[in-house]
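If you're matching positions, the sequence shown starts at 0 in numbering that gives the first Met the number 0 and goes up one per residue. Notes for the one structure printed next.
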Amino acid sequence: MKKLIVSLCIISCGISAATAQTIHPLKQWNTTQILGGDWKQLEQRDMQFVRSLDADRLLYFFRERVGTPQPNGCKPYGGWESTDLKGHTLGHYLTTLSLYYLQSGDQEAKTRIDHVVNTLRETQTKSGSGYISAFSEELLNRVEKDGSGWAPYYTLHKILQGLVDAYRYAGNKTALTAASEMGNYIYGRTTKLTDKDLWVRNLDIQEVGGIAEALLNLYQITGREEHLKAGQFFQQMDKLLPSAEGQDILDDNRTSNFYHANTTIPQFIAAEREYELTGDRTMLQSAVNFWKNVTQHRAYCNGSTGYHEHWNLRPDLLGQELDGQAGETCCTNNLIKLSNDLFRFFRQPQYAEYVERATLNHIMGSMNPENANFMYFHTQLPGSFKTYGRNTDVFWCCTGTGMENHVRYGQSVFFSDADTLYVCQFFPARLNWTDKNMTMEQTTGFPSEESAQIRITKGGSRAVLKIRISSWCEGFEVTSTNKGIRCEQKDGFCVLSGRWKQGDVINISLPMRLRLEPLADQPHTVALCYGPFVLAADLGTEGVTDDRVNVTDNYFNGVPQYMHPDTPVPTLTGSMDDLHWMHKTEGKLEFTTTATHDGRLLRFIPLYQAIGIRFADYLTFKK
Ligand SMILES: [Zn+2]
Numbered sequence: 000m001k002k003l004i005v006s007l008c009i010i011s012c013g014i015s016a017a018t019a020q021t022i023h024p025l026k027q028w029n030t031t032q033i034l035g036g037d038w039k040q041l042e043q044r045d046m047q048f049v050r051s052l053d054a055d056r057l058l059y060f061f062r063e064r065v066g067t068p069q070p071n072g073c074k075p076y077g078g079w080e081s082t083d084l085k086g087h088t089l090g091h092y093l094t095t096l097s098l099y100y101l102q103s104g105d106q107e108a109k110t111r112i113d114h115v116v117n118t119l120r121e122t123q124t125k126s127g128s129g130y131i132s133a134f135s136e137e138l139l140n141r142v143e144k145d146g147s148g149w150a151p152y153y154t155l156h157k158i159l160q161g162l163v164d165a166y167r168y169a170g171n172k173t174a175l176t177a178a179s180e181m182g183n184y185i186y187g188r189t190t191k192l193t194d195k196d197l198w199v200r201n202l203d204i205q206e207v208g209g210i211a212e213a214l215l216n217l218y219q220i221t222g223r224e225e226h227l228k229a230g231q232f233f234q235q236m237d238k239l240l241p242s243a244e245g246q247d248i249l250d251d252n253r254t255s256n257f258y259h260a261n262t263t264i265p266q267f268i269a270a271e272r273e274y275e276l277t278g279d280r281t282m283l284q285s286a287v288n289f290w291k292n293v294t295q296h297r298a299y300c301n302g303s304t305g306y307h308e309h310w311n312l313r314p315d316l317l318g319q320e321l322d323g324q325a326g327e328t329c330c331t332n333n334l335i336k337l338s339n340d341l342f343r344f345f346r347q348p349q350y351a352e353y354v355e356r357a358t359l360n361h362i363m364g365s366m367n368p369e370n371a372n373f374m375y376f377h378t379q380l381p382g383s384f385k386t387y388g389r390n391t392d393v394f395w396c397c398t399g400t401g402m403e404n405h406v407r408y409g410q411s412v413f414f415s416d417a418d419t420l421y422v423c424q425f426f427p428a429r430l431n432w433t434d435k436n437m438t439m440e441q442t443t444g445f446p447s448e449e450s451a452q453i454r455i456t457k458g459g460s461r462a463v464l465k466i467r468i469s470s471w472c473e474g475f476e477v478t479s480t481n482k483g484i485r486c487e488q489k490d491g492f493c494v495l496s497g498r499w500k501q502g503d504v505i506n507i508s509l510p511m512r513l514r515l516e517p518l519a520d521q522p523h524t525v526a527l528c529y530g531p532f533v534l535a536a537d538l539g540t541e542g543v544t545d546d547r548v549n550v551t552d553n554y555f556n557g558v559p560q561y562m563h564p565d566t567p568v569p570t571l572t573g574s575m576d577d578l579h580w581m582h583k584t585e586g587k588l589e590f591t592t593t594a595t596h597d598g599r600l601l602r603f604i605p606l607y608q609a610i611g612i613r614f615a616d617y618l619t620f621k622k
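Now the structure itself:
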């Protein structure tokens with residue numbers, strides 16, 4: 000109780016020296032296995048795609064750079080893998096396989112990890128400097144000189160993080176050696192950058208993204224001062240310090256990239272990590288304030304953020320940005336990471352609730368289940384449709400993070416300290432709580448059922464379970480077959496304390512209701528939500544063809560005309576106070592209504608399932 004009061008104070012009052020010392024991070028259970036439902040299907044479809052990739056093709060330019068012969072007939076991939084950004088996919092590939100191996104023990108994944116790590120290590124040894132990359136060091140020289148060039152440090156972040164993950168998730172020691180030498184190499188470069196003013200200016204221009212995070216993650220393992228210093232060198236203090244002081248700097252247009260969303264979010268993940276490793280409370284406060292400014296004032300109903308990859312406007316003006324180039328998927332991936340990190344410290348349901356919103360409404364719809372193509376922008380243009388890149392033609396940033404997204408579901412479900420397990424998400428999942436010698440399984444019929452169950456399948460121990468009470472839930476109820484243990488609601492959790500034994504079942508009732516979420520700047524334009532699910536109005540398939548859904552350019556240069564609907568998007572005529580005009584279909588998550596300006600029957604389905612159809616997740620009421 001004391002800790003939680005402290006945490007609440009941190010959010011609203013700033014962090015004092017005395018309180019910050021009491022914050023200990025929760026353990027995040029990366030080993031959690033997803034058991035069923037759409038989550039499992041998406042994970043398996045994703046892994047099918049990952050297995051279809053030829054690691055040697057992804058390694059092509061790494062070998063070429065150091066003059067190593069290619070395997071017979073090997074050719075590089077195209078798309079962004081044949082541009083200055085070449086190599087970024089390999090980092091995501093390593094991270095995805097490593098996390099999947101940790102969860103599943105899949106030996107084929109391990110074989111692929113070992114092959115990639117060994118090859119990268121060979122190229123590193125051959126180059127002799129510690130540098131591992133698919134592109135030449137000339138790109139780094141250019142960026143460091145005047146900020147020109149396309150984001151080489153972004154790509155190095157992915158490679159370094161992939162190696163760190165191959166060590167920490169898959170136990171590959173060669174990966175740690177390679178990562179450590181790469182960290183030394185980057186540190187060496189930073190010591191030569193003595194013109195600090197130039198560097199600060201270049202940081203504003205470059206998309207350095209999360210290189211600081213990867214270096215700090217490396218430092219967490221190696222404890223080498225060089226890796227810490229290198230990570231800190233990439234921290235963009237002209238964002239972090241104002242944020243720590245409570246300033247909202249997200250619409251600051253001082254340079255073309257200063258307000259770039261997918262550059263900025265990882266910088267605050269790194270800030271949180273820096274606090275974790277050094278105790279620098281300013282860094283934690285900057286991340287807390289940033290999270291609030293993004294998720295509560297610049298996030299769409301599905302948790303996504305950014306418009307044309309940037310934050311362009313003052314807060315709470317999303318009504319001006321309902322267009323086809325909204326919420327980049329990489330940004331949601333990173334916001335989920337940041338939210339889970341902040342939950343580990345503050346144990347506040349708001350962070351887990353953001354993860355739920357973003358996962359159920361953006362991430363789960365960000366892969367086309369027919370072909371495992373991944374989404375770049377999540378459209379917010381009413382009447383348009385979702386588009387996905389033909390993966391091996393594009394190899395976007397969002398192709399890389401897209402691969403990771405669907406093996407990450409398990410990471411958000413369970414967190415623990417010595418005696419307490421936090422159940423944050425109601426995804427079907429299995430946890431081996433090794434600290435307590437206890438295995439448990441959570442099942443749920445989401446989205447068609449409004450309940451979840453947790454069963455102790457093996458072992459038993461005295462422990463506290465804290466189950467998140469969702470703000471969207473009215474009538475939340477938990478019962479246990481263990482008669483000695485009852486639910487006590489406290490601080491946003493149902494607290495169940497006692498001695499658990501094999502066979503105990505916890506039944507969680509999660510009644511959902513329909514509600515409106517109006518835009519702050521356009522109160523008559525709303526998202527319709529049912530429980531944690533955003534609903535999408537099904538607007539038919541006119542002009543929605545396979546080649547328009549599965550694209551190769553994702554309209555970076557403007558939203559094509561065919562994205563716009565031929566007929567106007569219906570206006571709602573029902574009451575905003577009483578939603579009785581929405582009729583639920585028995586037995587599934589679907590609603591219908593004829594309360595539209597032209598009497599047209601509208602069908603609503605979960606937004607994440609709105610694939611291959613025109614839809615609107617924001618609709619306007621007739622005034
Ligand atoms: Zn992206």
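We put the beta carbon where it would ideally sit given N, CA and C, even for glycine.
Checklist line | Inter-residue spacing [alpha-carbon to alpha-carbon] between residue 69 and residue 120 | finding: Taking the first residue of the sequence shown as 1, we reach residue 69 at position 70. Taking the first residue of the sequence shown as 1, we reach residue 120 at position 121. So the two alpha carbons sit approximately 15 Å from each other.
Check: What are the start and end residues of the beta strand (DSSP E) that includes residue 537?
Finding: The residue labelled residue 537 in the question sits at position 538 within the sequence shown. From DSSP, the beta strand (DSSP E) with residue 537 extends over 532-537.
Item checked: Sub-8 Å separation of residue 572 and residue 621 beta-carbons -> If you number the sequence shown from 1, residue 572 lands on position 573. If you number the sequence shown from 1, residue 621 lands on position 622. In contact: residue 572 and residue 621 (Cβ atoms closer than 8 Å).
Check: Is the number of C-beta pairs between the segment 515-524 and the segment 581-588 that are closer than 8 Å three or more?
Finding: no
Item checked: Distance between residue 593 and residue 324 (C-alpha atoms, nearest Å) -> Working through the sequence shown from its first residue, we reach residue 324 at position 325. Working through the sequence shown from its first residue, we reach residue 593 at position 594. If I take the Cα positions, the gap works out to 30 Å.
Check: Going by beta carbon distance, what residues of the same chain come within less than 6 Å of residue 608, once the five residues before and after it are set aside?
Finding: Here residue 608 corresponds to residue number 609 of the sequence shown, with the count starting at 1. Nothing meets the Cβ criterion.
Check: For residue 169, which residues of its own chain have a beta-carbon under 7 Å away from its beta-carbon, when the five flanking residues on both sides are left out?
Finding: Walking along the sequence shown from the start, residue 169 turns up at place 170. 97, 100, 101, 109 and 112.
Check: Given residue 201, which residues of its chain have a CB within under 6 Å of its CB, disregarding the five upstream and five downstream residues?
Finding: Numbered from 1 along the sequence shown, position 202 holds the residue referred to as residue 201. Result list for residue 201: 146, in chain order.
Note to self: In whole angstroms, give me the CA-to-CA distance for residue 225 and residue 157.
What the structure shows: In the sequence shown, the residue the question calls residue 225 occupies position 226. In the sequence shown, the residue the question calls residue 157 occupies position 158. Computed Cα separation, rounded: 19 Å.
Checklist line | residue 22 versus residue 531 - alpha carbon distance | finding: Along the sequence shown, one-based indexing puts residue 22 at 23. Along the sequence shown, one-based indexing puts residue 531 at 532. Whole-angstrom Cα-Cα distance: 29 Å.
Note to self: For residue 367, count the other beta carbons within 10 Å of its own beta carbon; 16 or more makes it buried, fewer makes it exposed. Which is it?
What the structure shows: For this step, residue 367 is matched to residue 368 along the sequence shown. With 16 or more other Cβ atoms within 10 Å, it is buried.
Next item on the list: Report buried or exposed for residue 172, applying the criterion of at least 16 other Cβ atoms within 10 angstroms of its Cβ.
Entry: The residue you call residue 172 lines up with position 173 of the sequence shown. Classification of residue 172: exposed, given that the 10 Å Cβ count is below 16.
Next item on the list: Figure out for me which residue from 243, 245, 209 and 238 has the closest Cα to the Cα of residue 229.
Entry: Within the sequence shown, numbered from 1, the residue matching residue 229 stands at position 230. Taking only the C-alpha atoms, the option nearest residue 229 is 209.
Next item on the list: Tell me, please, whether the segment 372-380 touches the segment 50-70 by the rule of three or more beta-carbon pairs shorter than 8 Å.
Entry: no
Margin query: So if I measure from each beta-carbon to every heavy atom of ligand 1 and keep distances below 7 Å, which residues remain?
Written below: 261, 327, 328, 329, 375, 395, 396, 397 and 400
Next item on the list: Locate the beta strand (DSSP E) running through residue 499, then write down its first and last residues.
Entry: Taking the sequence shown and counting its residues from 1, one reaches residue 499 at position 500. Start and end: 492-499.
Checklist line | Local conformation of residue 377 per DSSP, three classes | finding: In the sequence shown, the residue the question calls residue 377 occupies position 378. Looking at residue 377 - three-state DSSP - the assignment turns out to be coil, as it is neither helix nor strand.
Next item on the list: Output yes or no for whether 8 Å exceeds the beta carbon distance between residue 149 and residue 84.
Entry: Against the sequence shown, residue 149 aligns to sequence position 150. Against the sequence shown, residue 84 aligns to sequence position 85. Going by C-beta atoms, residue 149 is nearer than 8 Å to residue 84.
Margin query: Please report the distance separating the alpha-carbon of residue 440 from that of residue 433.
Written below: Here the question's residue 440 lines up with position 441 in the sequence shown. Here the question's residue 433 lines up with position 434 in the sequence shown. For residue 440 and residue 433, the distance between alpha carbons rounds to 14 Å.
Notebook entry, point to check: Taking the DSSP output, what are the residues bridged to residue 422?
Noted result: By 1-based counting over the sequence shown, the position of residue 422 is 423. Paired residue(s): 413 and 466.
Note to self: Measuring alpha carbon to alpha carbon, tell me which residue in 220, 214, 287 and 308 is nearest residue 624.
What the structure shows: The question about residue 624 has no answer, for the chain in this structure spans 0 to 622.
Item checked: Cut-off 6 Å between Cβ atoms - residues of its own chain near residue 133, not counting five sequence neighbours on either side -> As a first step, residue 133 is located in the sequence shown; it is residue number 134 there, counting from the start. 60, 61, 85 and 86.
Note to self: Suppose the cutoff is 8 Å on Cβ atoms and the five residues either side in sequence are ignored; what does the same chain contact list for residue 549 look like?
What the structure shows: The residue you call residue 549 lines up with position 550 of the sequence shown. Cβ within range, chain order: 367, 370, 372, 386, 387, 388 and 389.
Next item on the list: Would you list the residues sitting across from residue 79 in a DSSP beta bridge?
Entry: Within the sequence shown, the letter at position 80 stands for residue 79. Paired residues: none, contrary to the question.
Notebook entry, point to check: Taking DSSP as the reference, what is the three-state secondary structure of residue 394?
Noted result: Taking the first residue of the sequence shown as 1, we reach residue 394 at position 395. Of the three classes helix, strand and coil, the one that applies to residue 394 here is coil, per DSSP.
Margin query: With a threshold of 7 Å on Cβ separation, who are the neighbours of residue 248 within its own chain once the five nearest residues in sequence on each side are excluded?
Written below: On the sequence shown, position 249 is the one that residue 248 refers to. Taken in chain order, the residues that qualify are 238, 241 and 242.
Margin query: What I want to know is whether the C-beta of residue 241 ends up closer than 7 Å to one or more non-hydrogen atoms of ligand 2.
Written below: Although ligand 2 was asked about, the structure shown includes only ligand 1 as ligands.
Item checked: Buried or exposed by the 16-neighbour rule on C-beta atoms within 10 Å, applied to residue 74 -> Your numbering for residue 74 matches position 75 in the sequence shown. Classification for residue 74: exposed.
Next item on the list: Count the other C-beta atoms from every protein chain shown that fall within 10 angstroms of the C-beta of residue 436, then say buried if there are 16 or more, exposed otherwise.
Entry: Start at 1 with the first residue of the sequence shown, and residue 436 comes out as number 437. Residue 436 should be labelled exposed.
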